[in-house]
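Encoded as structure tokens, the structure appears first; notes follow it.
In our numbering, the protein residues as written are 30 to 420.
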């Protein structure tokens, strides 16, 4: 399903089974809730006038966004989908890592978020999945509100007294589109902007088998460093697709991380020589738009079945990892003084994997800590001060 049709306003920058298991289903359902309707039984899709507190446009509050396709956050350039494999285009429709971030004035009792979302069919596994909107303050989890899937609804999240800066992580499996938000008993303003961190990778970067979107390693490392992570992970992909490198080159960002390679062992088998040259080409294209942006390459983390087993082209994951790291080191030695390499091999043990491939929460936390340390050591990294609760 190549989704290359044009839409108005596109291309704008800007515990039972776990949620990540169903994200593939959600990509199919994401477009079901994309039509705005106004009826007597449904609220209009945009803010309305006349409520005690007017609804606010969500766009100034959105964080972790790559592009907007109309009002819908997407993770690939909507004007350039035809060059992407269909699975990448489908994954890009899911709002992985997208958040609502706001400053609440003292006395604000709650925030209400109006959204539109896909509704799973009666026989769809997503029907049994809880859809939870999680509230965080810096690195501190405040609470979450879980709701049944609805084509359009309002969710209310109570706020602690005293006000402050908060993030609302969306339930990615439902592919919600924020329509409006408002304060209950106070006032909201957009949270201060933080340095944008572009994170490209595969299902591990997407956050598979973290128990909640906020527990993925990019989200966790972003909180540790006070960054705005833009999650450009694509499950089953990140095989060195060069059009994605050009997408990265066009996106605004203050630092970049490339964390891929494990799908080059099995899903789209590669040789070590092929991956070496592909990494060099990928970085070269990214550098056309970000010539001096700090860039960290993270090679594949532990995958026990693949470490010493040869793929269809004769390469082990150990050999692919070494090729990726060598490509990064060679580029640095050739004059890219803003590039660094972090070996993913030593970061995890078997106990940090949920299924032999994807990290559990402990594994995601370990990757986040290592990436945060590596990023903070790069020259020119514009790391903001994390919130007090993250220190």
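Heads up, the beta-carbon is just placed ideally off N, CA and C, and yes, glycines get one too.
query: What did DSSP end up calling residue 260 once you bin it into helix, strand or coil?
result: strand
query: Can you tell which of 229, 131, 215 has the C-alpha that lies nearest to the C-alpha of residue 425?
result: Residue coverage of the chain in this structure runs from 30 to 420, which leaves residue 425 outside it and unanswerable.
field: Completely contained alpha helix (DSSP H) runs for the stretch 199–270, where each covers 4 or more residues
entry: 232–235, 246–254
task: For the beta strand (DSSP E) containing residue 343, list its first residue and its last residue.
output: Residue 343 -> no beta strand (DSSP E), and no H or E assigned at all.
field: Exposed unless 16 or more other CB atoms sit within 10 angstroms - verdict on residue 185
entry: exposed
- prompt: Does DSSP put residue 289 in a helix, in a strand, or in coil?
  reply: coil
- prompt: In or out: residue 321 buried (at least 16 other Cβ within 10 Å) or exposed?
  reply: exposed
query: How about the stretch 222–229 and the stretch 272–288: do they share at least three Cβ pairs that are nearer than 8 Å?
result: yes
Residue from 86, 92, 104, 87 with nearest C-alpha to residue 279: 104
- request: Compute the beta-carbon to beta-carbon distance between residue 303 and residue 346, rounded to the nearest angstrom, for a pair I have assumed lies under 8 Å.
  value: Not quite, the Cβ-Cβ distance comes to about 14 Å (not below 8 Å), so this is no contact.
message: Once DSSP output is grouped into helix, strand and coil, what is the label at residue 105?
response: coil
message: Using the Cβ count rule (16 or more neighbours within 10 Å means buried), how would you classify residue 410?
response: buried
- prompt: Pick from 238, 223, 343: whose alpha carbon is nearest that of residue 389?
  reply: 238
- request: Alpha carbon to alpha carbon, how far is residue 259 from residue 398? Give it in angstroms, no decimals.
  value: 18 Å
Given residue 373 as reference, the closest of 380, 363, 341, 351 once Cα atoms are compared: 351
- prompt: If residue 147 and residue 182 are in contact, beta carbons under 8 Å, what's the gap, nearest whole angstrom?
  reply: Residue 147 to residue 182, Cβ: 12 Å. No contact.
- prompt: Roughly how many whole angstroms lie between the Cα atoms of residue 111 and residue 246?
  reply: 30 Å
Residue environment, residue 328, which counts as buried when at least 16 other CB atoms sit within 10 Å: buried
- request: Could you spell out the range, first to last residue, of the alpha helix (DSSP H) harbouring residue 307?
  value: 301–316
First through last residue of the beta strand (DSSP E) which encompasses residue 404: No beta strand (DSSP E) holds residue 404; the alpha helix (DSSP H) holding it covers 390–405.
- request: Would you kindly check if the distance between the Cβ of residue 198 and the Cβ of residue 128 is under 8 Å?
  value: yes
Bounding residues of the beta strand (DSSP E) (the contiguous stretch that carries residue 422): Only positions 30 to 420 of the chain appear in this structure, which leaves residue 422 out of reach.
task: List the whole-angstrom C-beta distance separating residue 272 from residue 113, where the pair is believed to meet the contact cut-off of C-beta under 8 Å.
output: 6 Å
- prompt: Roughly how many angstroms separate the alpha carbons of residue 277 and residue 118, rounded to a whole number?
  reply: 15 Å
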